[in-house]
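In the working numbering, the protein residues as written are 141 to 742.
For reference, the structure discussed in these notes is given below.
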Ligand code: ADP
Ligand code: MG
């Protein structure tokens with residue numbers, strides 16, 4: 141609840157306005173009900189009850205009656221209809237204005253929350269996504285958000301408006317007749333008890349429903365991402381069955397949930413009707429006995445007021461059960477927002493890319509690094525590497541040997557808890573993440589390109605870059621030529637995911653992107669692996685140029701890419717088994733030579 145209050149805090153003034161508008165709307169509702177008494181009096185031409193009334197409402201109505209009747213009976217009825225029409229209109233106008241306020245509050249709270257979620261999603265460490273299902277994260281943005289808006293914000297709104305209505309109605313009822321109202325009040329706790337019983341188990345069911353929904357989203361997402369494989373393996377039926385099964389379970393749970401929610405309203409309406417009958421009996425008895433000024437007209441108004449009170453009472457009970465349901469989602473959203481994020485602050489002086497003068501002669505150094513993703517499964521064991529400024533280090537080794545993990549640790553995508561990693565002589569553990577990452581340029585196997593112009597895609601890591609700088613980076617990545625040949629050059633839109641480009645071109649753009657930041661350290665993780673042999677050869681020539689004079693760590697599956705490196709480190713099951721230049725390792729005749737020979741066969 142405190143979570144929702146915090147979300148609502150910026151909109152306190154609007155809530156106050158909403159409350160005021162609801163109060164006005166309720167007041168006009170009451171006046172329409174009360175004035176019916178006068179209408180009936182005019183219609184039946186009843187002159188006076190003969191009882192001097194102490195009731196202000198009765199007196200006011202009396203006054204109104206006295207004034208209206210001076211126009212003649214027929215005219216009075218017409219005039220009176222106009223008055224009722226005006227009252228009704230006012231009631232509806234204020235009701236509408238209140239609804240507008242609440243809509244603004246709801247949509248804005250949801251907007252704020254969605255912004256927070258997105259920001260959070262980006263700030264969570266990558267290790268979070270190893271644990272979490274993607275669909276689960278997506279569900280927080282979609283269905284949880286909808287449920288939260290409907291369940292919590294929606295029910296908060298009807299809670300407020302129905303409480304206001306009921307309090308005002310009750311006050312008026314008490315004013316009209318205490319005895320009769322006491323009877324009503326005695327019945328209310330009974331209603332509350334029944335409703336609370338229904339709502340209690342709702343939250344748990346709702347939680348289960350949301351979880352199943354997030355799984356459903358996961359499956360859909362997986363399927364859409366892997367349609368090619370599914371079709372290729374003729375696995376349509378299999379996927380279909382799996383989906384249907386989840387969908388069936390999900391639907392079953394939802395049914396159970398709605399059964400509970402829907403029970404609240406008929407039960408409370410039933411109780412309401414019991415009370416109405418009680419009022420009718422008890423009230424007529426009071427009227428017949430001429431009890432303290434309860435005239436028959438006032439009694440009719442009283443019953444009308446009470447009947448008008450039933451919908452807000454019903455809303456109140458529905459709001460309670462909806463609230464329960466929404467709370468489950470609120471908890472999920474809140475839990476996500478409370479996940480620990482990477483501390484991402486920029487350090488005091490914002491570093492201008494590439495401007496730092498080196499203090500240490502080694503750009504990067506790993507000292508006795510041990511690492512495991514999961515407790516007890518070591519992935520890196522006692523890694524010692526140092527890359528002198530301006531040289532290239534190559535990491536080779538079979539798939540799963542830990543090459544990418546080393547790159548991830550240097551970027552601090554994962555925290556290295558054992559051993560030390562130094563960038564320019566300083567431990568990266570003490571460096572703000574934003575600073576660290578601004579000093580490293582990463583080109584990976586999967587390029588992330590946006591549906592935007594070529595220039596915008598290159599400038600992604602440095603939004604302020606000038607056109608000259610972008611072109612320079614593109615030239616260095618040997619991308620200038622093909623970009624210039626495109627219909628609108630650098631302003632050509634490359635389509636969704638860079639769909640218009642070949643693999644080699646995409647990779648060249650992502651190299652240009654990395655170079656534009658003029659990083660102290662360039663990391664190429666299998667940058668050429670996704671390419672066919674021909675584009676790979678083309679790109680290799682590029683890489684030779686790019687790497688000249690730069691500090692770089694190159695991870696490559698194909699060894700021809702790394703033969704020119706200043707040092708080659710061979711990894712096996714997370715351990716360094718050989719190191720040296722290409723010639724030295726060939727002369728050694730060990731693991732590396734074996735790999736080279738194997739590869740030259742194909
Ligand atoms: P390489 O890049 O050399 O192919 P990786 O560094 O990607 O190897 O992986 C090294 C080992 O760590 C592998 O056994 C892999 O299964 C494991 N691994 C990689 N990423 C994760 C992760 N996010 N969570 C758990 N284990 C992982
Ligand atoms: Mg890898």
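Idealized CB from N, CA, C, for every residue including glycine.
Problem set entry | Counterpart residues of residue 537 in DSSP-defined beta bridges | 711
Exercise. Are there 16 or more other CB atoms within 10 angstroms of the CB of residue 520, so buried, or fewer, so exposed?
Worked result: buried
For this session: For the region 655-727, list the alpha helix (DSSP H) runs that are entirely contained and at least 4 residues long, ordered along the chain.
Result: 673-687
For this session: Could you pull the start and end residues of the beta strand (DSSP E) that residue 527 belongs to?
Result: 518-528
Problem set entry | Proximity winner among 295, 309, 275 and 427, relative to residue 364 (alpha-carbon distances) | 275
Exercise. Distance, Cα to Cα, residue 647 vs residue 285?
Worked result: 37 Å
Problem set entry | Nearest candidate by alpha-carbon position, reference residue 438, set 320, 512 and 483 | 320
Exercise. Is DSSP giving residue 177 helix, strand or coil here?
Worked result: helix
For this session: Could you name the residues whose beta carbon sits closer than 5 Å to any heavy atom belonging to ligand 1, keeping them in chain order?
Result: 270, 513, 519, 539, 540, 541, 542, 543, 544 and 545
Exercise. Less than 8 Å between the CB of residue 712 and some heavy atom of ligand 2, yes or no?
Worked result: no
Problem set entry | Exposure label - residue 618; buried when at least 16 CB within 10 Å | buried
Exercise. On the three-state DSSP scale, how would you describe residue 350?
Worked result: helix
Exercise. What is the rounded straight-line gap between the Cα of residue 674 and the Cα of residue 704?
Worked result: 19 Å
Exercise. Excluding sequence positions up to five away, which residues of its chain have a Cβ less than 6 Å from the Cβ of residue 726?
Worked result: 733
Exercise. Any contact of the region 618-632 with the region 588-608, i.e. 3+ C-beta pairs under 8 Å?
Worked result: yes
Exercise. Under 9 Å between the Cβ atoms of residue 511 and residue 482?
Worked result: no
Exercise. What runs of the alpha helix (DSSP H), each 4 residues or longer, lie entirely inside the region 248-305?
Worked result: 266-271, 274-281 and 283-287
Exercise. My guess is that residue 585 and residue 665 are in contact by the Cβ rule of under 8 Å, so how many angstroms apart are they, rounded?
Worked result: 7 Å
Exercise. Counting Cβ pairs, one atom from each stretch, are 3 or more of them under 8 Å apart for the region 672-691 and the region 712-729?
Worked result: no
Exercise. CB residue 662 to CB residue 693, shorter than 9 Å?
Worked result: yes
Exercise. Is it a yes or a no for the region 449-468 touching the region 406-418, going by three-plus beta-carbon pairs under 8 Å?
Worked result: yes
Problem set entry | Own chain partners of residue 488 with C-beta closer than 8 Å, once the 5 adjacent residues on each side are dropped | With a pLDDT of 43 at residue 488, under the threshold of 50, the modelled position of that residue is not reliable, and the figure given next carries that caveat. The answer is none, since no qualifying residue turns up.
For this session: Kindly indicate which three-state DSSP category residue 216 falls into: helix, strand or coil?
Result: helix
For this session: State the CB to CB distance for the pair residue 299 and residue 459, rounded to an integer number of angstroms; the pair is presumed to be in contact (CB under 8 Å).
Result: 4 Å
Exercise. Should the region 556-573 be called in touch with the region 601-614, which here means at least 3 C-beta pairs below 8 Å?
Worked result: no
Exercise. Which partner residues does residue 502 have in the DSSP bridge list?
Worked result: 528
Problem set entry | Proximity of residue 653 and residue 472 at Cβ, strictly below 9 Å | no
Exercise. Does the beta-carbon of residue 246 have 16 or more other beta-carbons within 10 angstroms, so that it is buried, or is it exposed?
Worked result: buried
Exercise. For residue 147, does the count of other Cβ atoms within 10 angstroms reach 16, so buried, or fall short, so exposed?
Worked result: buried
For this session: Alpha carbon to alpha carbon, how far is residue 638 from residue 722? Give it in angstroms, no decimals.
Result: 36 Å
Exercise. Do residue 348 and residue 382 come within 9 Å of each other at the CB atom, strictly closer than that value?
Worked result: no
For this session: Spatial neighbours of residue 577 within its chain, please: CB distance less than 7 Å, with the 5 preceding and 5 following residues excluded, ordered by chain position.
Result: 551
Exercise. Can residue 631 be considered in contact with ligand 3, in the sense that its beta carbon sits closer than 8 Å to one or more heavy atoms?
Worked result: As far as ligands go, the structure on display features ligand 1 and ligand 2 and does not contain ligand 3.
Exercise. Taking C-beta to C-beta, are residue 173 and residue 441 nearer than 9 Å?
Worked result: yes
Problem set entry | Pairwise C-alpha distance: residue 626 and residue 686 | 23 Å
For this session: Would you tell me roughly how many angstroms separate the C-alpha atoms of residue 730 and residue 718, rounded to the nearest one?
Result: 8 Å
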